[in-house]
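Engineer: Take a look at this one; I'll ask things after.
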Amino acid sequence: MTPEPTSSKTKVCPTCGTRLSENAVRCLVCGTEFTAQPEPKAVKKTEKSVQASRMPEIKLSLPAAIGILAVAIIAAAAIVYFSVRASAPPGTFETQDTPTPTETPTASPSPTVTLPPTDIPTPTPQPPFEYTVSATDGSCSQIAFNFNISVQSIIVLNNLPSSCPISVGQKLLIPYPTPTVPPPPTNTPLPDVATKEACETVVITVQDGDTLSSIAANYGISPDDIKEYNGLTTDNVFIGSALEIPLCRRAPDPNLPTPTPTLPPPYPAPNLLLPADGAAFTPANDVVTLQWASVGALREGEAYQVIVEDVTASQTSRITDYVTDTKYIVPTSFRPKDNVAHVMRWWVTPVRQAGVDDQGQPIWVAAGTVSEKRVFTWVGVAVQGTPNP
3 MTPEPTSSKT KVCPTCGTRL SENAVRCLVC GTEFTAQPEP KAVKKTEKSV
53 QASRMPEIKL SLPAAIGILA VAIIAAAAIV YFSVRASAPP GTFETQDTPT
103 PTETPTASPS PTVTLPPTDI PTPTPQPPFE YTVSATDGSC SQIAFNFNIS
153 VQSIIVLNNL PSSCPISVGQ KLLIPYPTPT VPPPPTNTPL PDVATKEACE
203 TVVITVQDGD TLSSIAANYG ISPDDIKEYN GLTTDNVFIG SALEIPLCRR
253 APDPNLPTPT PTLPPPYPAP NLLLPADGAA FTPANDVVTL QWASVGALRE
303 GEAYQVIVED VTASQTSRIT DYVTDTKYIV PTSFRPKDNV AHVMRWWVTP
353 VRQAGVDDQG QPIWVAAGTV SEKRVFTWVG VAVQGTPNP
């Protein structure tokens with residue numbers, strides 16, 4: 003149990019320090035007598051209540067508080083605006099007039115400038131050079147063949163007879179070959195562009211239910227050809243889209259007859275150049291070269307048919323050969339074996355290959371007009387003189 007606190011007053015002995023009752027006259031321990039002292043008057047203390055000071059209170063309604071807050075925000079914004087405006091460089095906040103939109107002028111097409119034709123430089127002809135006939139030069143034809151010129155040019159430049167007799171050590175003037183001037187460039191399109199431009203096409207619009215396969219089957223064309231021609235990467239086609247159908251890619255109908263190719267127009271007759279009609283060739287002329295003018299650029303499978311026949315022999319012998327050049331060297335095996343001047347007749351015909359025979363040899367048919375026929379004489383061996391008696 004907690005002892006109850008006593009409410010009586012006590013005092014302490016000044017000698018031994020024993021706590022005694024307030025009314026005790028003598029100390030019970032040491033015997034010290036206490037002198038009686040008058041009791042002090044009770045001083046009544048007046049306690050004043052001290053209250054803490056309180057801050058003044060202001061009560062506002064909610065609308066008034068919102069209005070005051072809005073005014074404060076506007077005032078702060080105005081202060082910031084004028085501060086920035088005062089510190090900005092002049093002209094930053096000047097009001098600019100918004101330009102009125104005007105119609106954009108359409109550029110008119112500039113006139114096409116026609117360039118003057120470029121003059122093709124004409125080659126300057128070079129003077130002929132001097133050539134000494136050697137022992138290996140059998141005839142004018144051989145010299146002309148070596149220098150890629152015509153025999154006629156040698157005859158004219160050196161004032162020689164039509165038979166063009168020459169001897170070892172003789173000096174001849176040889177002209178330079180005439181240079182071929184290249185044709186002017188043409189605006190020829192690339193092969194792919196030319197093929198696409200030459201292809202007949204039709205443009206269709208994809209309808210509901212159409213597929214790439216059905217469109218290809220309708221026009222007899224492979225789906226891959228339609229995709230390639232239109233730049234498609236998948237087989238999907240969309241309703242309303244336009245497709246270009248290349249009709250040139252259609253497969254031929256097997257039920258239709260094979261069309262006969264159209265033959266080009268016939269060539270004109272070749273113009274014979276050398277040797278001149280009636281020219282004579284002696285044993286010194288080991289080589290006889292026949293020359294004629296071109297009838298034009300020959301196509302693939304076309305050639306010149308050259309026929310040379312010996313009309314003096316007891317049994318007419320003939321050579322038939324085919325060349326694509328405009329000259330032909332008569333084989334030395336066709337040279338006469340006796341000392342009689344043989345008359346040789348020759349002519350040229352443009353021909354075209356029409357197929358092959360059972361042995362695989364080409365079959366030639368005429369592709370133009372036959373040239374005129376010329377003759378020349380050719381002596382095989384030297385004519386022995388009659389001995390004097």
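What the sequence shown shows, in this note's numbering, is residues 3 to 391, in sequence order. No residue lacks a Cβ here, since even glycine has one placed at the ideal position from N, Cα and C. Just so you know, these numbers come straight off a predicted model, no measurement behind them.
(1) Hey, is the region 271-289 in contact with the region 241-255, meaning 3+ C-beta pairs nearer than 8 Å?
(2) CA-CA distance, G357 and P177?
(3) What alpha helix (DSSP H) runs, 4 residues minimum, are completely inside the region 254-338?
(4) With distances taken from CA atoms, which of P16, T37, N25 is nearest V31?
(5) Determine the DSSP secondary structure at T48, reduced to helix, strand or coil.
(6) Name, in chain order, the residues that DSSP records as bridge partners for A244.
(7) Mapping DSSP to helix, strand and coil, what is I176?
(8) Short of 7 Å in beta carbon distance, which residues of its chain neighbour V372, apart from the five on each side in sequence? Order them along the chain.
(9) Would you say N150 and P179 are within 8 Å of each other, going by their C-beta atoms?
(10) Please confirm whether V377 and V332 have their CB atoms less than 8 Å apart.
(11) With a 10 Å radius around its C-beta and 16 neighbouring C-beta atoms as the bar for buried, classify V45 as buried or exposed.
(12) From Q361 to L300, what distance separates their C-alpha atoms?
(13) With a 10 Å radius around its C-beta and 16 neighbouring C-beta atoms as the bar for buried, classify L62 as buried or exposed.
(14) Rounding to the nearest angstrom, what Cα-Cα distance links N161 and Q355 in this structure?
(15) So what does DSSP say about L162, is it helix, strand or coil?
(16) Comparing C-alpha positions only, which one of A218, C18, E302, L274 sits nearest to I309?
(17) Sort out for me which residues DSSP pairs L22 with in a bridge.
(18) Go ahead and pull the three-state DSSP assignment for I156.
(19) Provide the residue span of the beta strand (DSSP E) that contains G357, from first to last.
(20) Have a look at the DSSP bridge pairing and note the partners of P364.
(21) Of the residues Y330, R347, S224, L174, which one's Cα is nearest the Cα of V289?
(22) Out of S319, V353, Q209, I365, state which residue places its alpha-carbon closest to the alpha-carbon of R337.
(23) What is the DSSP secondary structure of F36, reduced to helix, strand or coil?
(24) Considering Cα atoms alone, identify which of G298, A200, P65 is closest to A369.
(25) Mind checking who Y133 pairs with in its DSSP beta bridge?
(26) Count the other C-beta atoms from every protein chain shown that fall within 10 angstroms of the C-beta of I70, then say buried if there are 16 or more, exposed otherwise.
(27) Near C18, what residues of its chain come up, given a Cβ to Cβ distance below 8 Å and the 5 sequence neighbours on each side ignored?
(28) Which stretch, first to last residue, makes up the beta strand (DSSP E) that contains R376?
(29) Ends of the alpha helix (DSSP H) at Q128?
(30) Is it buried or exposed for T48, if we count other Cβ within 10 angstroms and need 16 for buried?
(31) Buried or exposed, going by whether 16 or more other CB atoms sit within 10 Å of the CB of I241?
(32) Which residues in the same chain as V27 place their Cβ atom closer than 7 Å to its Cβ, once the five residues preceding and following it in sequence are excluded?
(33) Quick check: is the beta carbon of G280 nearer than 8 Å to any beta carbon in chain D?
(34) DSSP state of G398, grouped into three classes?
(35) In three-state DSSP terms, what is R87?
Structural biologist: Taking the geometry as given:
(1) Remark: fewer than three beta-carbon pairs, one from each stretch, lie closer than 8 Å, so the region 271-289 and the region 241-255 are not flagged as touching.
(2) As a first step, residue 357 is located in the sequence shown; it is residue number 355 there, counting from the start. As a first step, residue 177 is located in the sequence shown; it is residue number 175 there, counting from the start. Roughly 43 Å separates the two Cα atoms.
(3) Listed in chain order, there is nothing to give.
(4) Numbered from 1 along the sequence shown, position 29 holds the residue referred to as residue 31. A check of alpha carbon separations from V31 across P16, T37, N25 identifies P16 as the nearest.
(5) For the purposes of this step, residue 48 is taken as residue 46 along the sequence shown, with counting starting at 1. The predicted model places T48 with a pLDDT of 49, which falls under 50 and marks its position as unreliable, so this point remains unresolved.
(6) Locating residue 244 in the sequence shown gives position 242, where the first residue counts as 1. Bridge pairing for A244: T207 [DSSP].
(7) Along the sequence shown, read from residue 1 onward, the residue named residue 176 stands at position 174. Secondary structure at I176: strand, using DSSP grouped into helix, strand and coil.
(8) Counted from its first residue, the sequence shown places residue 372 at position 370. A271, W349, T351, listed in sequence order.
(9) By one-based count along the sequence shown, residue 150 stands at place 148. By one-based count along the sequence shown, residue 179 stands at place 177. Taking 8 Å as the Cβ cut-off, N150 and P179 qualify as a contacting pair.
(10) Along the sequence shown, one-based indexing puts residue 377 at 375. Along the sequence shown, one-based indexing puts residue 332 at 330. Not in contact: V377 and V332 (Cβ atoms no closer than 8 Å).
(11) In the sequence shown, counting from the first residue as 1, residue 45 sits at position 43. Note that V45 scores 47 on pLDDT, short of 50, meaning its location in the model is unreliable; the coordinates nonetheless yield the value given after this. Taking all protein chains shown into account, V45 has fewer than 16 neighbouring C-beta atoms within 10 Å of its C-beta and is therefore exposed.
(12) Along the sequence shown, read from residue 1 onward, the residue named residue 361 stands at position 359. Along the sequence shown, read from residue 1 onward, the residue named residue 300 stands at position 298. Answer to the nearest angstrom: the Cα atoms are 26 Å apart.
(13) Locating residue 62 in the sequence shown gives position 60, counting from the first residue. Counting every other CB atom within 10 Å of its CB across the protein chains shown gives L62 a total below 16, marking it as exposed.
(14) Position 159 of the sequence shown holds residue 161. Position 353 of the sequence shown holds residue 355. Taking the straight line joining both Cα atoms gives about 42 Å.
(15) By one-based count along the sequence shown, residue 162 stands at place 160. The three-state secondary structure of L162, taken from DSSP, is coil.
(16) As a position in the sequence shown, residue 309 is number 307, starting the count at 1. Cα-wise, what sits closest to I309 is L274.
(17) For the purposes of this step, residue 22 is taken as the residue at position 20 of the sequence shown. Partner(s): K13.
(18) Working through the sequence shown from its first residue, we reach residue 156 at position 154. Three-state result, I156: helix.
(19) Translated into positions along the sequence shown, residue 357 becomes position 355. Taken as a continuous stretch (DSSP letters only), the beta strand (DSSP E) holding G357 covers 343-358.
(20) In the sequence shown, the residue the question calls residue 364 occupies position 362. Paired residue(s): V358.
(21) Working through the sequence shown from its first residue, we reach residue 289 at position 287. The shortest C-alpha separation from V289 is found at Y330.
(22) As a position in the sequence shown, residue 337 is number 335, starting the count at 1. It is S319.
(23) For the purposes of this step, residue 36 is taken as the residue at position 34 of the sequence shown. In this structure, F36 counts as coil in the three-state DSSP scheme.
(24) Against the sequence shown, residue 369 aligns to sequence position 367. Of G298, A200, P65, the residue nearest in Cα terms is G298.
(25) Working through the sequence shown from its first residue, we reach residue 133 at position 131. Note: Y133 sits in a beta bridge opposite L174.
(26) What you label residue 70 is simply residue 68 of the sequence shown in a count that begins at 1. Looking at its Cβ environment, which holds fewer than 16 other Cβ atoms inside 10 Å, I70 is exposed.
(27) Here residue 18 is taken as the residue at index 16 of the sequence shown, counted from 1. For C18, where only same-chain residues beyond five positions count, the Cβ hits under 8 Å are C29, V31, C32, T34.
(28) In the sequence shown, residue 376 corresponds to position 374, counting from 1. For R376, the uninterrupted beta strand (DSSP E) run begins and ends at 376-381, by DSSP.
(29) On the sequence shown, residue 128 is found 126 positions in, with the first residue counted as 1. Run containing Q128: none; DSSP gives neither H nor E here.
(30) Mapped onto the sequence shown, residue 48 falls at position 46. Any reading at T48 needs caution, since the residue's pLDDT is 49, under 50, leaving its predicted position unreliable; the model's value is listed next. Its Cβ having fewer than 16 others within 10 Å, T48 is exposed.
(31) Locating residue 241 in the sequence shown gives position 239, where the first residue counts as 1. So I241 counts as exposed.
(32) Working through the sequence shown from its first residue, we reach residue 27 at position 25. The residues are E35, F36.
(33) In the structure shown, chain D does not exist; there is a single protein chain.
(34) The shown model of the chain, from 3 to 391, leaves out residue 398, and the question about it has no answer.
(35) Position 85 of the sequence shown holds residue 87. If DSSP states are grouped into helix, strand and coil, R87 belongs with the helices.
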